[in-house]
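Protein chains in written order, with the working numbering: chain A, 1 to 410; chain B, 411 to 820.
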């Protein structure tokens, strides 16, 4: 199987100025055509460092993609670095110079002297056309390895990659096909999911199963490699089936689906409506529900009853109840859900109350404590959680957990 | 001058799944204390590759920061890689095991067998405390070089870096002192800000002024380099003064301040209260306001009146008004603010109504249209905007714009 390595060049990538999004883009595109990226190197604008990284990258892989350092200013040294690596000289290409001159002419601007350098490429290499900027790319071959130099500006890089590089690379994809499936889970920790999966997650296994976690949402990525696309797809689907049998209702969706999307689709399909009454989450649950276009089909009302007065006045909660049990309590969460459902006349309503912190906790009611209640018309289901890791995590996790409780009811 | 290199570990960084934001964060923080990052390496979860990258990174620099691969699952191999690189064995640390066990106990969940591995670190190294997760970090020394292994999850990595790594690294800060100041702006585009600043933004200038933009919030970073800290700080402050003169009230804060924090602090200081009534933003404004701890001092009530019925029933808006002008209109935004202020008995109230899209637009009322109204007790200020770039941008931008309008009133 052909492999690729990526070299990113630019001081701005190493001094905190610029987020490197090019590597993500290129690795995703290469992965999709069955060329894995095995390493990635980032280095500043310095000729010898560039030579060194080109040596490392071409040691790792058959294809080296290089981005950045093609601009017209003195700190752009990728051309020179590539020439030194190849052991050749930079040569002026008249057709490139004319092209750059015509770009400036079309903008009615004089061409700065500095832009001349962009018409030079190492002897024996080929220019790659750039329709979005003045810097042409470069395609080089050396010792059976392929090198593509692309601009660092993402829009120019992407256009050039899609138009000029991808077609050539697809020829190498040939022998091996890759199928990727993603399963999204919620309701258990990463290690507990891994334990259930056991040997399925072993490195070197085909399909490979990767596990990542983001605010409680676990993504399992199944990566199947086979001779052809159909076979790879079958292998991935077989693993998907196995994972579904093992994880059951922990799996809420596939691909890039969010919990709110899945819950929203179920509500819309069943023609059910939902209202929410939030305290500690402060609108985060309503926001998640309305992130999805078309949410107005099922979401109608939300309250952020942050103060006790708001809970009493808007949701009809008895003052005595708050006095007796405290605002963060099972019965208040229940009363919030009931009050919201009654006022909004919806099928379901969710009440959330908790202590987001960092202050306000006690021994009996620690920071992170949250009660979530769902009123579905025939009684309330109320659960108690203690979420760790601080205010932001607690709030988002509580809102997601509420969605997950609702999903399991639908 | 001491130099640093960064090693990022994780298959997800090379197959298009996860954007590497850790390298940007770390390099920015190191840059600010005068330790340049000279190279960065990314590699998959594989012991030998990890060893190889640790060799390369420690060849480049005195300090190596490593992120990722500390999870409890079989694909997390950074501990093993570091042990092999150091030529030592992994050893169980009982205090770490107890810590992990207590995390699970506090959540009333059994600890999976798999998490045991997180209590192991290479012999001769030290654990770094993780208050946001189960994976401790690792600090190692070898041949006069320093290694810090941090989790890949950004929130855990940042907390651990700031609390445990930064203090030690500050000792190495070189002979050249760097002072960094950040100004946060809202209410104008990036290019318009750049145009106002003119030559101040020139590369090579000292202080260097960088400009980045994120959902409408523009961050201007002033980086001053001098012989000593005092001089660098003076230079940065002089530039800050110049920028403040040029940009005036476009600047809302400094450092990492958010608009909601600044508005919240002003409200608390002036002992004023705020309520919000949201339609298209669906809770996003309430969420922003309650992201800050202590928000209950000024934020009491919020409504997400997504349906017309909710607007009529909860905020007392006349049905005829919605029929005549439509729910997305100047007068409805005003009535929402007025209704919210009246019901919540607050000093201020904000009403937001708009078309988040992608559907629901028309020629007169395009997708992205939003009306924001603030009732401050002596009349409403209502503004009309059309925000581009899709649903998510529009919703967050509308919520931020509402906060900015309130800021300018306080």
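Don't be surprised by glycine CBs; every beta carbon is placed ideally from N, CA and C.
As the structure is a computational prediction, the values presented were derived from the model and not from experiment.
Annotation for residue 101/A: the continuous alpha helix (DSSP H) segment containing it runs 94-106. Between residue 72/A and residue 117/A a beta carbon distance of about 6 Å is seen, short of the 8 Å cut, so the two are scored as contacting. Against chain B, the CB of residue 132/A has no partner CB under 8 Å away; the residue lies outside that interface.
Only 23, 24, 25, 26, 27, 28, 29, 30, 31, 32, 36, 37, 38, 39 and 40 from the stretch 23-40 of chain A bring a Cβ to less than 9 Å from some Cβ of chain B. Taking every protein chain shown into account, the CB of residue 427/B has 16 or more other CB atoms within 10 angstroms, so this residue is buried.
Between the stretch 749-762 of chain B and the stretch 710-725 of chain B, the count of Cβ pairs shorter than 8 Å is three or higher; the stretches touch. For residue 393/A, the closest Cβ of chain B is nearer than 8 Å.
Counting the other CB atoms within 10 Å of its CB gives residue 311/A a total of 16 or more, which places it among the buried residues. When the beta-carbon positions are compared, residue 86/A and residue 140/A come within less than 8 Å of each other.
Between residue 250/A and residue 188/A a beta carbon distance of about 6 Å is seen, short of the 8 Å cut, so the two are scored as contacting. Under DSSP, residue 712/B forms a beta bridge with 304/A and 686/B.
Of 729/B, 740/B and 463/B, the smallest CA-CA separation from residue 416/B is found for 463/B. A straight-line Cα-Cα distance of about 37 Å links residue 387/A and residue 621/B. Listed in chain order, the non-local C-beta contacts of residue 525/B below 7 Å within the same chain comprise 482, 510 and 544, local neighbours out to five positions each way being set aside.
With at least 16 other beta carbons inside 10 angstroms of its own, residue 252/A counts as buried.
Residues 190 of the same chain have their beta carbon placed closer than 6 Å to that of residue 213/A, with the five preceding and five following residues left out of the count.
For residue 696/B, the enclosing alpha helix (DSSP H) has its first and last residue at 694-700. Counting only unbroken stretches of 3 or more residues, the beta strand (DSSP E) elements lying wholly within the stretch 552-609 of chain B are 555-560 and 587-595, in sequence order. For residue 17/A, the chain B residues whose C-beta falls within less than 7 Å of its own C-beta are 620, listed in chain order.
Sorting 446/B, 517/B and 449/B by C-alpha distance to the C-alpha of residue 384/A places 517/B at the top. Close to residue 706/B, with beta-carbon spacing below 7 Å, are these residues of chain A in chain order: 306 and 307. When the five nearest sequence neighbours on each side are left out, the beta carbons in the same chain lying within less than 7 Å of the beta carbon of residue 262/A are those of 252, 253 and 407, in order along the chain.
At least 8 Å separates the CB of residue 646/B from every CB of chain A.
Non-local beta-carbon contacts of residue 55/A in its own chain, meaning distances under 8 Å to residues more than five positions away in sequence, involve 85 in chain order.
DSSP, read as helix, strand or coil, puts residue 387/A in coil. Residue 530/B is not a Cβ neighbour of residue 492/B, given a cutoff of 8 Å. Counting only the Cα atoms, residue 546/B lies some 39 Å from residue 650/B. Non-local beta-carbon contacts of residue 1/A in its own chain, meaning distances under 6 Å to residues more than five positions away in sequence, involve 176 in chain order. Residues of the same chain with a CB within less than 7 Å of the CB of residue 593/B, apart from the 5 flanking positions on each side, are 630, 650, 653, 661 and 664 in chain order. Note on geometry: alpha-carbon atoms of residue 327/A and residue 285/A lie some 19 Å from one another. At a cut-off of 8 Å between beta-carbon atoms, residue 697/B makes contact with chain A.
Taking a beta-carbon distance threshold of 8 Å, residue 1/A does not count as an interface residue toward chain B. Three or more pairs of CB atoms, one per stretch, sit closer than 8 Å, so the stretch 351-360 of chain A contacts the stretch 386-402 of chain A. By the beta-carbon neighbour count (other beta carbons within 10 angstroms, threshold 16), residue 287/A is buried. Collapsing the DSSP output to three states places residue 703/B in coil.
In the structure shown, the three-state DSSP call for residue 519/B is coil.
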